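Residue numbers (the numbering used here), protein chains in the order written: chain Z, 1 to 190; chain L, 1 to 190. For glycine and all other residues, C-beta sits at the position ideal for the given N, C-alpha and C. All values derive from a computational prediction rather than experimental measurement.
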């Protein structure tokens, strides 16, 4: 049974542990063995030391996993959680299959225009530019091109709602679509 | 001569090309051969196709490099540029030495408290929590623990100003300190 590393910002949510356990149950329903970062009791007590401990633990969990599903829903801003993105890059370099999803239907440039620069982006010489002259990526992708590109180049998918409002953090439908895509991916290669 | 991959959000800056060329010159001064993502003329014309092209190009450049220096200065929010973070995770998994710097002196929790939640974070049962119940990382690190942890576990450093205001985007002093640290790293292992 393939082992899936569940990456995402859930660890920061108020109901994070419940949500992670729920996602693990769903992953098992799709035939996978889930692993995810955990809050354990035997962490070192120091702030810095516990950070290093969790980082090392997560890298070890990733190496033990066959593939990753990354929750790329924007977190505290217009892009995915950076911890999740680190893990996605890590698994790409290991050559493991990678899948991602976002509960937000919008492309990166739409979020930048509406949620960060608030309507002030304009096309200049074929590129989108903000008032400060900064360029805004416009590759019809969910997030930075390294994220979408890394996933798609490896035969994975970045799954999002077709349109409409951003789904709630505890809506697992995009996650389930990712699991279905992963199941198909492995079935085709079995 | 060791080849260094220069990762950072400079590609989005109005003066990005000049800044990248300047950083390449400085890297050469420290004895390294720099490589960085480039804007080329022969990109595919389609938005999505050019995104995939650059992603593939950058992954190839990273594989050709001996180590990475990542500009982790917060970009359009309270965390590092996600493209840069993907690349950092990628190089960590490849087992290459990794170095990072930020022009912002603050820990992640300070930025979350002041720039995102605007003073509304409080300690609850030993963890920092926002009004929505979300936990805010407090590991005395520059950003998410996967970033700092991945760098430090490999003998690299996350270099920041000691205190004071965030340095301007075109201030290269932290970048130079990173190059000096990398030079020492390779000298010790020569």
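- Message: When you compare the segment 138-145 of chain Z with the segment 37-51 of chain L, are there three or more beta-carbon pairs, one atom per stretch, that lie closer than 8 Å?
- Response: yes
- In chain Z, which residues lie with their C-beta within 9 Å of the C-beta of residue 58/L? 145, 146, 149
- Query: Would you call residue 189/L buried or exposed, if buried means 16 or more other Cβ atoms sit within 10 Å of its Cβ?
  - Reply: exposed
- Do you know offhand how far residue 36/L's Cα is from residue 24/L's? 8 Å
- Looking at residue 91/L and residue 85/L, is the spacing between their C-beta atoms short of 8 Å? no
- Query: Going along the chain, which residues of its own chain have a beta-carbon closer than 6 Å to the beta-carbon of residue 150/Z, five neighbours each way excluded?
  - Reply: 92
- Task: Would you grab the beta carbon distance between residue 72/Z and residue 147/Z for me? Rounded to a whole angstrom, and I think it's under 8 Å.
- Result: 7 Å
- Task: Can you grab the Cα-Cα spacing for the pair residue 135/L / residue 115/L, in whole Å?
- Result: 16 Å
- Query: Which runs of the beta strand (DSSP E) spanning at least 3 residues fall entirely within the segment 11-82 of chain Z, listed in chain order?
  - Reply: 33-35, 67-71
- Query: The beta strand (DSSP E) with residue 193/L in it runs from where to where?
  - Reply: Absent from the model: residue 193/L. The displayed extent of chain L is 1 to 190, so no value can be given.
- Query: Under 8 Å, do residue 183/Z and residue 30/Z count as touching if we go by C-beta distance?
  - Reply: yes
- Query: So, does the CB of residue 32/L fall closer than 8 Å to a CB anywhere in chain Z?
  - Reply: no
- Message: Looking at the secondary structure, which residues open and close the beta strand (DSSP E) in which residue 167/Z lies?
- Response: Per DSSP, residue 167/Z belongs to no beta strand (DSSP E) and is neither H nor E.
- Query: Can you find a CB in chain L that lies within less than 8 Å of the CB of residue 92/Z?
  - Reply: yes
- Query: If you compare alpha carbons, which of 33/Z, 162/Z, 176/Z, 145/Z is closest to residue 64/Z?
  - Reply: 33/Z
- Item | Cβ-Cβ separation, residue 161/L to residue 105/L (assumed contact under 8 Å), whole Å | 4 Å
- If you check the beta carbons only, do residue 89/Z and residue 87/L fall under 8 Å apart? yes
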